[in-house]
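Heads up, the thing below is written out as structure tokens.
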Amino acid sequence: MAGASGQGTDVVVPATRAAAKAERRIEILAAAARLMAARGFHSVRLDDIGQEVGISGPAMYRYFDSKEGVLAELLVGISERLLAGGQQVRDADLAADEVVAGLIARHVDFVLTEPDLILIQFQDLRSLPEGPRHQVRTLQREYAEIWGDALQAQQAGLDRTEARARVHAVFGLLNSSPRLPVMAAEDLRPILTRMALAALAA
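Count the sequence shown with the working numbering and you get residues 7 to 208, in order.
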């Protein structure tokens with residue numbers, strides 16, 4: 007019996023600790039996003055982020071080596087999630103109009119739920135080390151290509167250059183939402199959706 011109990015402890019305790027550490031990292035990233043969006047990357051110290059979640063400065067290094075590492079995880083992470091969402095819409099069995107509508111819906115969800123990350127990307131992408139910055143740019147390019155392909159499939163005769171121009175213009179439109187007058191998400195969502203559809207069809 008003791009051996010079985012010991013074996014169970016060996017398995018459960020590390021798993022529990024790993025889960026707790028993962029949850030703590032999520033809290034740290036959320037706090038970092040709030041602080042960096044409000045004050046800018048260069049005005050936030052790793053200690054400031056730790057204080058926000060009740061972790062001492064030295065203990066923060068159990069989770070991240072530097073605040074550049076925090077920034078990288080924030081911006082690479084959201085770029086990966088956007089690309090994964092775009093790929094899911096692209097790979098679904100949908101008509102061309104539905105693909106475009108699905109891409110817009112997912113991006114609108116992003117801008118309504120992650121305004122801090124939009125602001126950080128706009129003001130602090132240049133603060134990323136070269137490696138993560140290149141990774142973000144690559145992910146963004148792949149995401150934009152999904153949109154461009156969808157738009158060309160929807161609009162016969164639309165050339166690739168114009169499709170890319172329309173897509174990036176719509177990204178600019180949607181990603182400006184954190185600077186818009188404050189509105190409830192349920193009111194802003196249909197406005198952004200209509201504007202994006204109209205811009206892509208212009």
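We put the beta carbon where it would ideally sit given N, CA and C, even for glycine.
_Contact between the stretch 164 to 178 and the stretch 78 to 98 is defined here as three or more beta-carbon pairs at a separation below 8 angstroms; is this criterion met?_
no
Taking the CB atoms as reference points, tell me whether Val82 and Pro135 lie closer together than 8 angstroms. no
_Stretch pair the stretch 151 to 163 + the stretch 67 to 81: three plus CB contacts closer than 8 angstroms_ = no
Continuous alpha helix (DSSP H) stretch holding Arg166: start and end
Arg166 to Asn181
Presumed contact (8 angstroms Cβ cut-off) between Asp69 and Ile34, rounded CB distance = It is worth fixing the name first, because residue 69 is Tyr in this sequence and not Asp. At roughly 6 angstroms, the Cβ-Cβ gap stays under 8 angstroms, so Tyr69 and Ile34 are in contact.
ask   = Based on Cα-Cα distance, which residue from Gln158, Ala162 and Asp122 lies nearest to Arg185?
value = Asp122
- prompt: Excluding sequence positions up to five away, which residues of its chain have a Cβ less than 7 angstroms from the Cβ of Ser85?
  reply: Val142, Leu145 and Gln146
Subject >> Span of the alpha helix (DSSP H) around Ala111 >> reply: Ala102 to Thr119
In the DSSP assignment, the alpha helix (DSSP H) including Pro184 goes from what residue to what residue?
From DSSP, Pro184 is part of no alpha helix (DSSP H); its letter is neither H nor E.
#### Entry: Alpha-carbon spacing of Asp130 relative to Glu120, whole angstroms
15 angstroms
So is Tyr149 buried or exposed if we call it buried at 16+ other beta carbons inside 10 Å? buried
Measuring straight from C-alpha to C-alpha, what distance separates Ala28 and Thr22? 10 angstroms
Does the ligand COA have a heavy atom nearer than 7 angstroms to the CB of Asp97? As for the ligand COA, it is missing from this structure, which has no ligand bound.
- Task: Locate the alpha helix (DSSP H) running through Gly60, then write down its first and last residues.
- Result: Per DSSP, Gly60 belongs to no alpha helix (DSSP H) and is neither H nor E.
**Beta-carbon spacing of Leu41, Ile61 below 8 angstroms** = no
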